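In our numbering, the protein residues as written are 13 to 500.
From the three backbone atoms N, C-alpha and C, an ideal C-beta is built for every residue, glycine too.
Predicted model only: the values in this text are computed from it and were never measured.
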């Protein structure tokens with residue numbers, strides 16, 4: 013998740029950014045990591061049973077055979093370390109299977125060990141007040157992610173737009189493997205930046221590429237050392253992006269897209285390219301395998317574009333954006349800037365049903381899941397919910413053996429009659445920042461399943477201001493005060 017810090021100027025509000033569980037919070041040092049400390053203190057996260065070492069979840073990222081029921085987020089994943097603890101009934105099963113295991117052994121972590129785990133993926137960045145062209149409304153941001161599985165399926169990104177204005181911050185929640193979230197975290201901001209460029213700049217970029225001249229960068233990335241780019245796929249990614257800007261040049265009407273239009277077009281075009289790359293394949297066996305992994309896994313995305321007082325949030329799926337607002341009396345309130353695209357959103361269910369025949373009204377959403385399987389109703393990748401059955405079979409049969417032998421890729425969702433059932437088109441919400449808007453939190457669903465939005469805003473807000481009230485909050489089922497968290 014992520015809050016984004018804003019720089020106070022005469023006409024601009026202050027908007028910090030900070031993060032936890034892929035969150036991008038702002039202007040506090042390590043509040044996100046400390047949100048979970050009370051769980052440790054009460055030994056909740058310290059109970060790591062030896063049985064957990066037998067729990068090796070398999071992912072499409074490795075393309076090893078596994079049940080489809082484990083790959084599509086059938087059960088909400090709460091992204092805290094508590095998820096590594098097996099339920100008691102599962103431990104009993106393990107004891108029956110492995111007779112040499114007599115009693116589960118408990119390994120208690122010390123507070124320094126817990127802090128080391130929580131801080132391993134922290135990243136902080138202070139934004140220069142003036143970048144040479146514009147005064148930034150963002151003070152800085154902090155991001156963090158806490159894995160619920162290995163490899164972690166979520167990603168986070170942050171970058172400054174160099175050829176236009178503003179900053180981009182985003183969290184990406186992967187499922188059925190990490191490949192799609194990885195690809196989207198690397199590529200989406202480039203598609204957004206290109207969509208925001210005026211036609212003349214696009215022509216200059218194309219001429220430079222054509223003549224072999226050096227290109228001016230369009231993004232300045234702010235990445236944690238553990239965040240990486242897929243170097244092997246960089247040429248493929250660049251060629252797809254170039255094709256996109258060439259089409260923008262051919263189709264331009266002389267006007268630059270507004271931010272909302274640019275965000276929507278970028279999301280949809282990237283998802284289309286992910287699908288097309290998987291269908292076409294690549295002569296390089298590694299890349300051919302990679303693009304298929306990306307297409308058959310999936311990812312939701314929540315992205316914020318902050319430019320001066322203009323804040324746009326583009327959301328696809330069930331991650332959330334939350335604005336921290338400080339009222340005149342010093343209290344904190346939360347303003348939600350995104351809508352979940354799942355079965356709890358009645359308008360989203362209505363939209364989905366309206367796009368398919370009346371005969372599918374009872375099957376398109378079943379047990380609060382898309383076709384009874386997928387929790388988010390919008391996502392990148394997930395071609396099993398977008399391609400026709402014939403196309404899926406053709407791609408799988410002509411693909412590498414690892415793909416053809418994988419049960420998940422060959423699995424066809426039930427009642428699959430009128431694809432596509434899934435879209436990556438985002439819902440974009442605009443908000444004009446005010447002086448009382450202090451920070452923005454972007455987070456994947458793991459944070460919101462663990463904590464109420466008002467508690468998140470209160471903890472971050474009181475941490476930023478240094479004003480701690482004694483009214484207890486519920487964090488992971490335990491009652492703690494913000495002051496106790498601040499001392500952790």
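Identify which residue in 397, 267 and 264 has its Cα closest to the Cα of residue 420.
Between residue 420 and the set 397, 267 and 264, the nearest pair of CA atoms involves 397.
Within 10 angstroms of the Cβ of residue 439, are there 16 or more other Cβ atoms? Answer buried if so, exposed if not.
Around the Cβ of residue 439, a 10 Å sphere holds 16 or more other Cβ atoms; the residue is buried.
Look at the alpha carbon of residue 239 and the alpha carbon of residue 370, and state the distance between them as a whole number of angstroms.
When the Cα atoms are used, residue 239 and residue 370 turn out to be separated by approximately 45 Å.
For residue 315, which residues in the same chain have their Cβ closer than 6 Å to its Cβ, ignoring the five residues on either side in sequence?
Same-chain partners within the cutoff: 182 and 326.
Do residue 344 and residue 152 have their beta-carbon atoms positioned less than 8 Å apart in this structure?
Contact flag unset, no.
Please list the terminal residues of the continuous alpha helix (DSSP H) segment that includes residue 399.
The continuous stretches of alpha helix (DSSP H) do not include residue 399, and DSSP gives it neither H nor E.
Within 10 angstroms of its Cβ, does residue 89 collect 16 or more other Cβ (buried), or is it exposed?
Reliability of the predicted coordinates at residue 89 is poor, the pLDDT of 33 falling under 50, and no value is obtained from them.
Assigned exposure category for residue 234 - 16 Cβ within 10 Å defines buried:
Buried, since its Cβ has 16 or more Cβ neighbours within 10 Å.
Start and end residues, beta strand (DSSP E) containing residue 169:
Looking at the DSSP string, the run of the beta strand (DSSP E) that includes residue 169 is 166-173.
Can you tell me where the alpha helix (DSSP H) holding residue 465 begins and where it ends?
Counting along the chain, the alpha helix (DSSP H) containing residue 465 begins and ends at 465-477.
Would the segment 318-337 count as touching the segment 271-280 if we require 3 or more Cβ pairs under 8 Å?
Judged by Cβ distances under 8 Å, the segment 318-337 makes contact with the segment 271-280, as three or more pairs qualify.
Roughly how many whole angstroms lie between the Cα atoms of residue 476 and residue 392?
Cα-Cα distance, rounded: 34 Å.
Taking the C-alpha atoms as reference points, what is the distance between residue 213 and residue 309?
Each residue's Cα considered, the two are about 34 Å apart.
Within 10 Å of its beta-carbon, does residue 379 have 16 or more other beta-carbons around it, so buried, or fewer, so exposed?
It counts as exposed.
Suppose contacts are defined by Cβ-Cβ distances below 8 Å. Is residue 458 in contact with residue 132 by that definition?
No, Cβ-Cβ distance for residue 458 and residue 132 is not below 8 Å.
State buried or exposed for residue 267, treating a residue as buried only when at least 16 other CB atoms are found within 10 Å of its CB.
Within a 10 Å sphere around the beta-carbon of residue 267 sit fewer than 16 other beta-carbons, which makes this residue exposed.
Nearest CA to the CA of residue 246: which residue from 207, 236 and 298?
Residue 246 has its Cα closest to that of 298, out of 207, 236 and 298.
Would you mind reading off the limits of the alpha helix (DSSP H) that contains residue 462?
Per DSSP, the continuous alpha helix (DSSP H) segment holding residue 462 begins and ends at 457-462.
Which residues does DSSP pair with residue 314 in a beta bridge?
183 and 327.
Bridge partner(s) assigned by DSSP for residue 345
Partner(s): 337.
For residue 377, list the residues DSSP reports as bridge partners.
The partner list for residue 377 (beta bridge, DSSP) reads 382.
What are the boundary residues of the beta strand (DSSP E) that includes residue 243?
Secondary structure note for residue 243: it is in no beta strand (DSSP E), with a DSSP letter that is neither H nor E.
I'd like to confirm something about residue 199: is its beta-carbon nearer than 7 Å to some heavy atom of the ligand COA, or not?
With respect to the ligand COA, the structure offers nothing, as it holds no ligand at all.
Kindly list the residues whose CB is nearer than 7 Å to the CB of residue 388, restricted to its own chain and excluding five residues on each side of it in sequence; keep chain order.
Closer than 7 Å at the Cβ level, and outside the excluded window around residue 388, lie 312, 329, 330, 353 and 354.
What separation, rounded to the nearest whole angstrom, lies between the Cα atoms of residue 206 and residue 120?
When rounded, the distance between both Cα atoms is 50 Å.
Using alpha carbons as the reference points, say which of 173, 364 and 155 lies closest to residue 166.
If we check each option's Cα against that of residue 166, 155 comes out closest.
Relative to the alpha-carbon of residue 241, which residue among 228, 196 and 118 has its alpha-carbon at the smallest distance?
Ranking the options by Cα distance to residue 241, first place goes to 196.
What's the gap between the Cα of residue 173 and the Cα of residue 394?
Their Cα atoms are separated by approximately 29 Å.
Go ahead and pull the three-state DSSP assignment for residue 444.
In the three-state reduction of the DSSP assignment, residue 444 falls in the strand class, which pools E and B.
Please name the residue in 177, 219, 187 and 332 whose C-alpha comes closest to that of residue 270.
Checking every option, the nearest Cα to that of residue 270 belongs to 177.
Looking at the secondary structure, which residues open and close the alpha helix (DSSP H) in which residue 194 lies?
Unbroken alpha helix (DSSP H) run through residue 194: 191-208.
Residue 433 to residue 469, Cα distance in whole Å?
Using only the alpha carbons, I get a separation of about 35 Å.
Status (buried if at least 16 other CB within 10 Å, exposed otherwise) for residue 289:
The Cβ neighbour count for residue 289, taken over all protein chains shown within 10 Å, is at least 16; the residue is labelled buried.
Using the DSSP secondary-structure output, state which residues sit across from residue 435 in a beta bridge.
DSSP links residue 435 through a beta bridge to 390.
Taking 8 Å as the cut-off, decide whether the C-beta atoms of residue 318 and residue 150 are in contact.
Yes. Within cutoff.
Which residue from 224, 236 and 281 puts its Cα closest to that of residue 257?
For residue 257, the closest C-alpha among the options 224, 236 and 281 is that of 281.
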